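Number of protein chains: 2
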Amino acid sequence: MTDITPVLARADENLPSSLDKLFELLRIKSISTDPAFKGECRKGAEWLTDYLGTLGFDASVRDTPGHPMVVAHHAGASADAPHLLFYGHYDVQPVDPIELWENDPFEPAIKDVGNGRKILTGRGTADDKGQLMTFVEACRAYKDVVGSLPCRITILFEGEEESGSPSLKPFLEANADELRADYALVCDTSMWDRDTPAVASALRGLVGEEIVVSAADRDLHSGLFGGAAANPIHILTSILAGLHDETGRITLDGFYDGVEETPENVKASWETLGTTAESFLGEVGLSIPSGEKGRSVLELTWARPTAEINGIWGGYTGEGFKTVIAAKASAKVSFRLVGTQDPAAIRESFRAYVRSNIPGDCSVEFHPHGGSPAIHLAYDSPALTKAKTALSDEWPKPAVVIGMGGSIPIVGDFQKMLGMESLLVGFGLSDDRIHSPNEKYELTSYHKGIRSWIRILEALAK
Amino acid sequence: MTDITPVLARADENLPSSLDKLFELLRIKSISTDPAFKGECRKGAEWLTDYLGTLGFDASVRDTPGHPMVVAHHAGASADAPHLLFYGHYDVQPVDPIELWENDPFEPAIKDVGNGRKILTGRGTADDKGQLMTFVEACRAYKDVVGSLPCRITILFEGEEESGSPSLKPFLEANADELRADYALVCDTSMWDRDTPAVASALRGLVGEEIVVSAADRDLHSGLFGGAAANPIHILTSILAGLHDETGRITLDGFYDGVEETPENVKASWETLGTTAESFLGEVGLSIPSGEKGRSVLELTWARPTAEINGIWGGYTGEGFKTVIAAKASAKVSFRLVGTQDPAAIRESFRAYVRSNIPGDCSVEFHPHGGSPAIHLAYDSPALTKAKTALSDEWPKPAVVIGMGGSIPIVGDFQKMLGMESLLVGFGLSDDRIHSPNEKYELTSYHKGIRSWIRILEALAK
Numbered sequence: 002m003t004d005i006t007p008v009l010a011r012a013d014e015n016l017p018s019s020l021d022k023l024f025e026l027l028r029i030k031s032i033s034t035d036p037a038f039k040g041e042c043r044k045g046a047e048w049l050t051d052y053l054g055t056l057g058f059d060a061s062v063r064d065t066p067g068h069p070m071v072v073a074h075h076a077g078a079s080a081d082a083p084h085l086l087f088y089g090h091y092d093v094q095p096v097d098p099i100e101l102w103e104n105d106p107f108e109p110a111i112k113d114v115g116n117g118r119k120i121l122t123g124r125g126t127a128d129d130k131g132q133l134m135t136f137v138e139a140c141r142a143y144k145d146v147v148g149s150l151p152c153r154i155t156i157l158f159e160g161e162e163e164s165g166s167p168s169l170k171p172f173l174e175a176n177a178d179e180l181r182a183d184y185a186l187v188c189d190t191s192m193w194d195r196d197t198p199a200v201a202s203a204l205r206g207l208v209g210e211e212i213v214v215s216a217a218d219r220d221l222h223s224g225l226f227g228g229a230a231a232n233p234i235h236i237l238t239s240i241l242a243g244l245h246d247e248t249g250r251i252t253l254d255g256f257y258d259g260v261e262e263t264p265e266n267v268k269a270s271w272e273t274l275g276t277t278a279e280s281f282l283g284e285v286g287l288s289i290p291s292g293e294k295g296r297s298v299l300e301l302t303w304a305r306p307t308a309e310i311n312g313i314w315g316g317y318t319g320e321g322f323k324t325v326i327a328a329k330a331s332a333k334v335s336f337r338l339v340g341t342q343d344p345a346a347i348r349e350s351f352r353a354y355v356r357s358n359i360p361g362d363c364s365v366e367f368h369p370h371g372g373s374p375a376i377h378l379a380y381d382s383p384a385l386t387k388a389k390t391a392l393s394d395e396w397p398k399p400a401v402v403i404g405m406g407g408s409i410p411i412v413g414d415f416q417k418m419l420g421m422e423s424l425l426v427g428f429g430l431s432d433d434r435i436h437s438p439n440e441k442y443e444l445t446s447y448h449k450g451i452r453s454w455i456r457i458l459e460a461l462a463k
Numbered sequence: 002m003t004d005i006t007p008v009l010a011r012a013d014e015n016l017p018s019s020l021d022k023l024f025e026l027l028r029i030k031s032i033s034t035d036p037a038f039k040g041e042c043r044k045g046a047e048w049l050t051d052y053l054g055t056l057g058f059d060a061s062v063r064d065t066p067g068h069p070m071v072v073a074h075h076a077g078a079s080a081d082a083p084h085l086l087f088y089g090h091y092d093v094q095p096v097d098p099i100e101l102w103e104n105d106p107f108e109p110a111i112k113d114v115g116n117g118r119k120i121l122t123g124r125g126t127a128d129d130k131g132q133l134m135t136f137v138e139a140c141r142a143y144k145d146v147v148g149s150l151p152c153r154i155t156i157l158f159e160g161e162e163e164s165g166s167p168s169l170k171p172f173l174e175a176n177a178d179e180l181r182a183d184y185a186l187v188c189d190t191s192m193w194d195r196d197t198p199a200v201a202s203a204l205r206g207l208v209g210e211e212i213v214v215s216a217a218d219r220d221l222h223s224g225l226f227g228g229a230a231a232n233p234i235h236i237l238t239s240i241l242a243g244l245h246d247e248t249g250r251i252t253l254d255g256f257y258d259g260v261e262e263t264p265e266n267v268k269a270s271w272e273t274l275g276t277t278a279e280s281f282l283g284e285v286g287l288s289i290p291s292g293e294k295g296r297s298v299l300e301l302t303w304a305r306p307t308a309e310i311n312g313i314w315g316g317y318t319g320e321g322f323k324t325v326i327a328a329k330a331s332a333k334v335s336f337r338l339v340g341t342q343d344p345a346a347i348r349e350s351f352r353a354y355v356r357s358n359i360p361g362d363c364s365v366e367f368h369p370h371g372g373s374p375a376i377h378l379a380y381d382s383p384a385l386t387k388a389k390t391a392l393s394d395e396w397p398k399p400a401v402v403i404g405m406g407g408s409i410p411i412v413g414d415f416q417k418m419l420g421m422e423s424l425l426v427g428f429g430l431s432d433d434r435i436h437s438p439n440e441k442y443e444l445t446s447y448h449k450g451i452r453s454w455i456r457i458l459e460a461l462a463k
């Protein structure tokens, strides 16, 4: 076990040059989605490879059919410590509309915004160059003080995250043995708030289905046929209305198989966050939770499955009125999954339910979209507990374990293809304006982020 | 009472010149919706006025802010006979797509289609120039033989029926005393089939409502908010699904007030028409009646009220998938009314039902469209019975009294503004392709149509 006090002190001393190194990386215009910046993307990969080399990593640029990956290995000081795979991405979003930026997006700066707060401005500061550099600079402080790292580390930096990661799965597959570790660290998420660090332990899965209900072989006049001919919009609305019962539970057969109740201590910790239905929904003009009755909004969005209609259309939708009975009606429906809910089983249950409600002279088509299970790091996993304690030691408030309602595909890929769980820790804030003009990252996020990784690596090494 | 045998014989003799007169009218390109044909519309009105003048009518072109009306009066031979208002329209639909016409739409022709059938081709042959000329030529035969008409007749020909009749109501209002009669004859409907004439005795009314359900003040990410934030598409589908119970009845409070059961003898006469669910719905690819259980398709479409969703839209409706929770969802809903159902009461009942199902943090807007009561000529009215007998004497099969699922606004206007019921008799067939390329009218419809009016006028005069 290392005394990390001098490592933390070294990180503090390094901060000016840590910022210099970050700014070098930020100046590289690695916009992955725009072919005009292909060379810049390669330059980003090369810069990282070179820099990791100076920190004792065996680093290389690895070609793909798209933008290259960076893979780097460090053996670490102890064979008993776990092997960790750190993931981040060096590509960034486009900068349009450029006229809305207050500063050149590729000329990073430090801005004093008053009240002692400083921010780093520029494209990629928060998503994800600033975040991935917190880890790199933590490694640098270790190297400077200890000469090695407390764990065996493999780093994977991707250059296509902002353009759909087309090369990622084939690369993981082709290099599975090289990349497989005990678990992954992913630094692409946010804190709970400015003072409260967070570890995300759960991501909901997703099943999408488009359904098309067909009745008559043409649009009908509702005067001539109304009351006798099947109306596919009626059929569709009845089907969709039947997805929930009056308590907000989803009615599909077997839907809750694999859904477990959130442990009381986890729910209790969420309650301490102070999020109420009013505060959570008030931001978007609402106030009454709509889902399962008797559960908090955090539980509803982090730990409970859902069925949502994302789109619906049929019949006449223009100005005025047309008394038509449509031939077809369509909807896009998605299910967010938790626990061990099986996407294939849920898709089949939904289809069976729909089919059982289609009249004998009508028909239905299904078009699948997506199908990924929930990701779940056990609330009591040792790694999660260690990371939580390490973060709590660094920040003003204790770390919280949060769920995430959305999905991060890489986490599913690591689990499915490499059999590896992920620990999601990040230092972004909800107002960082990622993907938008005037993206920023708090100087505190960068500085304390570096210090946080030093603590986490030390904790995980034990 | 006149012996009509010579009048009918005269109509037969007149047929070649009756066709010449119709063809003169058909050559006038009176497309009311296209300003380029404004002069042609006036020409149509003038042609009719001149021609009616030659038949002993006091006829005039009457200006409106749009296309002119034709109003013509004939005192008739007997002060004891009823005063009748005959309505038709001289304007026609556009002819696009012109390339699908086999003949010039404004160069009418007689075509032999085999099996002894001849058809008149061209725009307006069936809708409505051919139909209105059946009445005019019946008057001509009377004038030729008797020198007068058996009833006092007022004729109203409109030139804006195909473009929404903007001038009609103000014209009826301004000329109510001149136009009010004992009842109206409207010749703009169809026969039951080639051999079976029909009198339409009921038209359903219509109430339309567009509803917009609003939830959050912006579109939300279903990962972040799904399960907690209200989804307006869910709310809307639940509301719409609740409009019908499991027997197909509409659930709104008071909805069936004013709906009476169809008399058994009327239902029995409909049964003799031989229409089955399979024959009626089979034409459009369906087979199972969708509305109230235990009623025939003719009863469902002619004599029962309905609630139909004519359009629905909300959320993401493009290619692929977007896991959005929409801010708004909308639908267009219409109710077909029968009997004495009150459009205003039904609109209010619907709105109250919708409002009671909107969560406290969401809102709903309503946009009314239309609102007309059902029109209903008593099944046992003397005029209807007389017309039925007269038609039965002319055609191979006895006339049937039918309902019409749709609406003909003029009929409601006559009732509301002039306190006058309408008798709807027409000689179109369902394959006349009105509003489409290659519109036609059967030569038999024209010839026997003229003869039918001779018989009807005689019958009504008694």
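Protein sequences, first through last, are from chains A and B. Under our numbering, the letters of the first sequence match residues 2 to 463, in that order. Under our numbering, the letters of the second sequence match residues 2 to 463, in that order. Positions of the beta carbon are idealized from the N, C-alpha and C atoms, including for glycine. A quick note: this is a predicted structure, and the numbers were derived from the prediction, not measured.
Under DSSP, R28/A takes part in no beta bridge, so it has no partner.
Secondary-structure assignment with DSSP links H245/A through a beta bridge to I251/A. Scanning chain B for C-beta atoms nearer than 7 angstroms to the C-beta of L221/A yields V285, reported in chain order.
In this model, R118/B and V213/B are separated by some 52 angstroms (Cα to Cα). When Cβ-Cβ separations below 8 angstroms define contact, T190/B makes no contact with chain A.
Residue pairing of G372/B in beta bridges, as defined by DSSP: V208/B. P167/B sits away from G283/B, with the two beta carbons spaced by 8 angstroms or more. Annotation: Cβ neighbours of P360/B in chain A (cutoff 8 angstroms, chain order): I289, S291.
For R337/A, the nearest beta carbon of chain B is closer than 8 angstroms to its own beta carbon. Only residues of its own chain outside the window of five on either side were considered, and among them G206, L207, G413 have a CB closer than 6 angstroms to the CB of S373/B, listed in chain order. With contacts defined by Cβ atoms closer than 8 angstroms, C152/B and A82/B form a contacting pair. E366/A sits in a strand when the DSSP states are folded into three classes. Taking a Cβ-Cβ cut-off of 9 angstroms, the neighbours of G315/A in chain B comprise I310, G312, I313, W314, given in sequence order. Taken through DSSP and simplified to helix, strand or coil, V214/A comes out as strand.
In the assembly as shown, I111/A is an exposed residue. Its beta-carbon has fewer than 16 other beta-carbons within 10 Å.
The three-state secondary structure of K323/B, taken from DSSP, is coil.
Membership of M70/B in the beta strand (DSSP E) is indicated by the continuous run 70–75.
Where M405/B is concerned, there is no enclosing alpha helix (DSSP H), although the beta strand (DSSP E) around it starts and stops at 401–405.
Residue pairing by DSSP places T155/A opposite H74/A, L86/A in a beta bridge.
With respect to R337/A, P306/A sits close: the two C-beta atoms are nearer than 8 angstroms. For the 8 angstroms CB-CB criterion, G89/A and L133/A form a contact. At a cut-off of 8 angstroms between beta-carbon atoms, I326/B makes contact with chain A. Contact between the region 297–317 of chain A and the region 223–232 of chain B is present, with at least three C-beta pairs closer than 8 angstroms. In the assembly as shown, R219/B is an exposed residue. Its beta-carbon has fewer than 16 other beta-carbons within 10 Å. Excluding residues up to 5 positions away in sequence, nothing lies with its Cβ nearer than 6 angstroms to the Cβ of T318/B in the same chain. The beta-carbon of T318/B is placed less than 8 angstroms from the nearest beta-carbon of chain A. Take K170/B, set aside five residues on each side of it, and the residues of its chain with a beta-carbon closer than 8 angstroms to its own are D414, M418, in chain order. For L425/A, the closest Cβ of chain B is not nearer than 8 angstroms.
By DSSP's assignment, T197/A forms a beta bridge with D194/A. A straight-line Cα-Cα distance of about 5 angstroms links V62/A and V71/A. Excluding sequence positions up to five before and after K389/B, its CB lies within less than 7 angstroms of the CB of V200, A400, V402, all in the same chain and listed in chain order. Residue burial is scored here from C-beta neighbours: P233/B has at least 16 other C-beta atoms within 10 angstroms and is therefore classed as buried. Chain order gives the chain A residues near F281/B as A229, where near means a beta carbon separation below 7 angstroms.
Residue-level contact check: V298/A touches chain B, since one or more beta carbons of chain B fall below 8 angstroms from its beta carbon. Straight through space, the alpha carbons of G450/B and A460/B are spaced by roughly 15 angstroms. The C-alpha of L237/A lies about 7 angstroms from the C-alpha of A330/A.
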